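A.B. asks:
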Amino acid sequence: MDLTRFTHPIDLHAVSITDPFWQRETELVRREVIPYQWDALNDRIPGAEKSWCMHNFRLAGRIMAQSRQQGAQYTPQAYTYRGYNALPDDPAHPDEDKFYGFLFQDTDFSKWIEAVGYSLIQHPDEALEATADEAIDVVCAAQTPEGYLDTYYIINGMDGVFQNLRDHHELYCLGHLIEGAVSYYQATGKDKLLRAACRFADYVADFFGTADGQCKGYPGHEIAEMALVRLYEVTKDEKYLRLSRFFIDERGQEPNYFVEEERRNAEREHRPVRSVNLAYHQAVKPVREQDEAIGHAVRAVYLYSGMADVARMTGDDSLKSACERLWRSIVQEKLYITGGIGATQIGEAFSYAYDLPNDTAYSETCAAIGLAFFARRMLQMSPQREYGDVMELALYNTVLSGMALDGKSFFYVNPLSVVPSACHADSRLQHVKTVRQKWFGCACCPPNIARIVSSIAAYAFTENEDTLLTHLYLGGSIRKTFPTGTLTLSIASDMPWDGHITVTLHADSPVSGTLGFRLPGWCPNPNVTADKPVRVADGYAYLSGDWHDGETIVLDFPMPVRLIRANNRVHEDMRQVAVTRGPITFC
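Counting along the sequence shown from 1, when you hit position 553 you're at 555 in my numbering, and nothing is skipped either side.
(1) For the structure I just gave you, are there three or more beta carbon pairs, one from the region 40-59 and one from the region 100-120, closer than 8 Å?
(2) What does the alpha-carbon distance come out to for the pair E271 and V141?
(3) Which ranges would you report for the alpha helix (DSSP H) in the region 106-178 if only whole runs of at least 4 residues count?
(4) Between the C-alpha atoms of E51 and P522, what's the straight-line distance to the nearest angstrom?
(5) When the distance is taken between beta carbons, is L243 closer than 8 Å to V184?
(6) Determine the direct distance from the alpha carbon of A406 to that of H178, and round the result to whole angstroms.
(7) Could you tell me whether the region 307-320 touches the region 338-357, where touching means 3 or more Cβ pairs closer than 8 Å?
(8) Compute the distance between the beta-carbons of F1 and I12, then report whether it is under 8 Å.
(9) Indicate the three-state DSSP secondary structure (helix, strand or coil) for M405 in the structure shown.
(10) By how many angstroms is the C-alpha of R438 removed from the C-alpha of W24?
(11) Give the range of the beta strand (DSSP E) segment to which K482 is assigned.
(12) Run through DSSP, which three-state label would I451 get?
(13) Can you tell me which residues form a DSSP beta bridge with G390?
(14) Within the same chain, show all residues whose beta-carbon is closer than 7 Å to that of F8, passing over the 5 residues directly before and after it, in chain order.
(15) Given a cut-off of 8 Å on the beta-carbon distance, is the pair S495 and D21 in contact?
(16) Going by the CB atoms, is the gap between Y154 and L105 shorter than 8 Å?
(17) Pick from E574, F376, T28, S365: whose alpha carbon is nearest that of Y356?
(18) Shortest alpha-carbon distance to D99 belongs to which of N58, A427, A374?
(19) Using beta-carbon positions only, say whether T367 and N416 come within less than 8 Å of one another.
(20) Report all residues from its chain with a CB closer than 8 Å to the CB of A431; omit the five preceding and five following residues, and keep chain order.
(21) Quick check on this structure: which residue in Y83, Y102, G85 has the alpha carbon closest to the alpha carbon of D92?
(22) Could you spell out where the alpha helix (DSSP H) holding D319 opens and where it closes?
(23) Closest to H171 by C-alpha separation, out of D548, R481, M497, C446, would be which residue?
(24) Taking just the CA atoms, how far does G344 sit from I296?
(25) Are the CB atoms of A226 and F249 within a distance shorter than 8 Å?
(26) Could you please give me the residues that DSSP links to T472 through a beta bridge?
(27) Near V31, what residues of its chain come up, given a Cβ to Cβ distance below 6 Å and the 5 sequence neighbours on each side ignored?
(28) Classify Q124 as buried or exposed, calling it buried when 16 or more other Cβ atoms lie within 10 Å of its own Cβ.
(29) Round the Cβ separation of T506 and T472 to the nearest angstrom and send it over; I've been treating them as touching at under 8 Å.
(30) Which complete beta strand (DSSP E) runs does the region 508-581 hold, if anything under 3 residues is left out?
(31) Go ahead and label W499 buried or exposed: buried means 16 or more other beta carbons lie within 10 angstroms of its beta carbon, across all protein chains shown.
(32) By Cβ distance below 6 Å, which residues in the same chain neighbour M561 in space, the five residues on each side in sequence not counted?
(33) In the structure shown, what three-state DSSP assignment does F104 receive?
(34) Measuring alpha carbon to alpha carbon, tell me which of H223, M228, G390, E252 ends up nearest C217.
(35) Return yes when the Cβ of Y174 is within less than 8 Å of the Cβ of V163, no when it is not.
(36) Quick check: the Cα distance between Q255 and K287, rounded to an integer number of angstroms?
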């Protein structure tokens, strides 16, 4: 595996988005979504489900402050399980000294601060940055002296820490905290949250591993795997890359950790041992032996994204091959025409091959976002058109549909066919909401949309030392530094409505390098016009040489209306077609 050919996302500081479509989306996140979500995190949205997120951080901070004031070491109380989703007995008068919300409620903040960071890169905003700094102060005040930072256990008792990796979400909270901390550090240069994330990661790295006395477990809900790689890329501390690889390597090994954990917990809680759905957690067998996408769809694509990251960073061909097999399982057997994944509400999961119902589909917004994560990481290892096509499909048709045009209501579930009366009468459709919701108690999707939209340029462009690749056609300005100088690309685009794109190059002196452009699979006859030879490989057009100021590249991607028929084995779609044009699925 030639690691020198791999690419990484372009530095967001080097991109300015100006096209009518994506500029509107990023501005919507900046002006409406981020402030709205901050109100939601503080439970200030009338008629919306409460988040309790900042309530929990403030309470955990008070506990830490009281401990310091008493001049004693923090003494964690005995753990008391308060339920997967703890709600007040009297919602109008919650107890200020209790944890509320889901076990993973901390991640509402982490995803919000990640979107804030991306937004600040593009649009410095002193007021927003001040609000973020105040929020970071609240969050960091909740951290224990040892570095642990999960409000559920800080408030409810530390005896249960890392005792239920399968169902509780401490490592998931760590992953999102890292992602948010890195984003904010890259945007502002402020490292308070990054240092807190590193301290939590260090705590985890001491607890987990192969040495005697260390825990051999791994996350029940994946994301720490790819987040730790990102932390390694920022800090260059090999410990974080090793921890990510450890979590990936241990998953599904025998004796199975989740099975053993269940036995221990049953004995401790004096109850019968319950069956463990290993498929739900992608833990049926080691990841390098897996060849079918199974279980909870969001968790799966988060895991596959982490696997692709580790394969890229370590040159692990066996892990890369596993990623390729799992990718084929998704796109050949389990992918909706909208780029949605996760066909069943039972476990929010992938169903069996070619089971893609339209009305009962789950197709969670977060799952489409996770598929875009996975696709970009596959592109970083191997620029192939299919990865870019699927990423584009998911972004335009399921990710963006998860948010209303005003940025103030959201879809969690994205079915392809809805009969409103049936959704109220049929218990099999209770997960389907016929209108977007103001917020969710389990609010993973709204801030997830905000963070991917505000960082969209990192999906559109990747680079290495001598190459810049364009995967999505966003209009704007992109600055790329090659060994021989800096080249600025001005891209004029009206995607996704028109396939005519003009790239004008600017440079003070000739700059040598390679530019690559995805030739979309939905376009039957793409055309590239330039003063240099065009080499086509794996669905990308490559142009190399010395670039001069004023040179242009014109890309023409005709957009005929297409009628797409599903594979014959998708029996729910027999005698039906989908109407598409360009990257958009219309009906």
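We put the CB at the ideal spot given by N, CA and C, even for glycine.
Note that the structure is a prediction, hence the values are computed from the model and not measured.
C.D. replies: In short:
(1) Touching, yes, given that three or more Cβ pairs across the two stretches are closer than 8 Å.
(2) Cα to Cα, the separation comes out at about 32 Å.
(3) As far as the region 106-178 is concerned, its whole alpha helix (DSSP H) runs of at least 4 residues are 108-124, 128-143, 153-158.
(4) Going from the Cα of E51 to the Cα of P522 covers about 41 Å.
(5) No. Outside cutoff.
(6) As the crow flies, the alpha-carbon of H178 is around 24 Å from that of A406.
(7) Touching, no.
(8) Any question about residue 1 goes unanswered here, given that the chain covers just 3 to 589.
(9) Three-state DSSP puts M405 in a strand.
(10) Going from the Cα of W24 to the Cα of R438 covers about 21 Å.
(11) It spans 478-484 - the beta strand (DSSP E) in which K482 sits, taken as one unbroken run.
(12) In the structure shown, I451 sits in a helix (DSSP, three-state: H, G or I).
(13) In the DSSP assignment, no residue is bridged to G390.
(14) Closer than 7 Å at the Cβ level, and outside the excluded window around F8, lie R314, Q382, M383, N466.
(15) With respect to the 8 Å criterion, S495 and D21 are classified as neighbours on the basis of their beta carbons.
(16) The criterion of a C-beta distance shorter than 8 Å is satisfied by L105 and Y154.
(17) Checked all of E574, F376, T28, S365; the closest Cα to Y356 is E574.
(18) Out of N58, A427, A374, N58 has the C-alpha closest to the C-alpha of D99.
(19) Yes. Within cutoff.
(20) One detail in the question is off: residue 431 reads as Leu in this sequence, not Ala. Short of 8 Å from the beta carbon of L431, and not among the five residues preceding or following it, lie these beta carbons of its own chain, in chain order: D361, T362, A424, C425.
(21) Between D92 and the set Y83, Y102, G85, the nearest pair of CA atoms involves Y102.
(22) For D319, the enclosing alpha helix (DSSP H) starts and ends at 319-335.
(23) Looking at the Cα atoms, C446 is the closest of the given residues.
(24) For the pair I296 and G344, the Cα-to-Cα distance works out to about 9 Å.
(25) Cβ distance < 8 Å, so F249 and A226 count as in contact.
(26) F463, F519.
(27) So the list reads A452, V455, S456, once near-sequence residues are dropped.
(28) Classified as buried, Q124 has 16 or more neighbouring CB atoms from the shown chains inside 10 Å of its CB.
(29) About 14 Å; that fails the 8 Å criterion.
(30) Within the region 508-581, the complete beta strand (DSSP E) runs of at least 3 residues are 513-520, 529-531, 537-539, 542-549, 554-558, 563-566.
(31) Exposed, since its Cβ has fewer than 16 Cβ neighbours within 10 Å.
(32) Within the same chain, M561 has close Cβ partners G501, R583, G584.
(33) DSSP places F104 in strand when its eight states are reduced to three.
(34) Cα-wise, what sits closest to C217 is E252.
(35) One thing to note: V163 has its Cβ no nearer than 8 Å to the Cβ of Y174.
(36) Distance between the alpha carbons of Q255 and K287 is about 6 Å.
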